[in-house]
């Protein structure tokens, strides 16, 4: 199979103003793509635009609440006005909670699902005609929590498992139309996501998270995502901890559970 080239292609990245999203904007942009960066936060968007300009990357930055289908549709129209069409959609935007199930309010579960699952659905539906016409690519940034349980993050794990079910099923539907689907499953990575982690009451969590193994770096993740996209991969599991967790949770679930609890229980015991 020939490598897919992104030179001159339009790549839309949600949650693109920070962390893995911003790193992917750089990597795809340096590869010659035109980048549309979507994010809820305005200030990081301005900083990201300045960085893209400095790197000589053709980019637009657009504020958008992806949980609002009307905003998403309008934003994608703006992307088309800027670049003509959409070739790649990277569903990267997400939020996480860190709280025991019994102490998590229903609205927190709902918020996590609205952003992580339904936000991705809204964006994908808004781009689908373009992707089919251009034989494009959908990249869904999930998590190792989409393949294995994750202590203290039951709602987050539910949203990521749902992403796998949705996008892998969609992949079967659109394969004959020439549209690819790539699932990306990072483990613990140094990003800004933890700064916006929700507690069970919906407020930001101030206590630090546990460190499981060596943290991955956003730039390394972005480089591997670009390579996987170029080579037609369907699933990309990242970091040694992530790969071990994906296998161990299937072949030795009891052992995986004990190791997971030992590594992460302290997060919830801190108050």
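In my numbering, the protein residues as written are 40 to 310. In this text, a Cβ means the ideal position worked out from N, Cα and C, and glycines have one as well.
For residue 99, the enclosing beta strand (DSSP E) covers residues 98-102. In the three-state reduction of the DSSP assignment, residue 282 falls in the helix class, which pools H, G and I. By the C-beta density criterion, residue 266 is exposed, having fewer than 16 other C-beta atoms within 10 angstroms. According to DSSP, residue 78 shares a beta bridge with 102.
Of the other Cβ atoms in all chains shown, fewer than 16 fall within 10 Å of the Cβ of residue 300; this residue is therefore exposed. The C-beta separation of residue 118 from residue 99 comes to about 7 Å, placing the pair in contact by the 8 Å criterion.
At a cut-off of 4 residues, the continuous stretches assigned as alpha helix (DSSP H) that sit fully inside the region 148-222 are 158-172, 193-213. Using a Cβ distance threshold of 7 Å, residue 87 and residue 76 count as a contacting pair. Between the alpha carbons of residue 116 and residue 302 lies a distance of about 45 Å. A straight line joining the alpha-carbon of residue 273 with that of residue 221 spans about 4 Å. Residue range 49-53 is occupied by the beta strand (DSSP E) that includes residue 52. In this structure residue 171 is exposed. Its beta-carbon is surrounded by fewer than 16 other beta-carbon atoms within 10 angstroms. With respect to residue 125, residue 162 sits apart: the two C-beta atoms are not nearer than 7 Å. For residue 130, the secondary structure class from DSSP, reduced to helix, strand or coil, is strand. Distance from the CA of residue 169 to the CA of residue 96, rounded to the nearest whole angstrom, comes to 22 Å.
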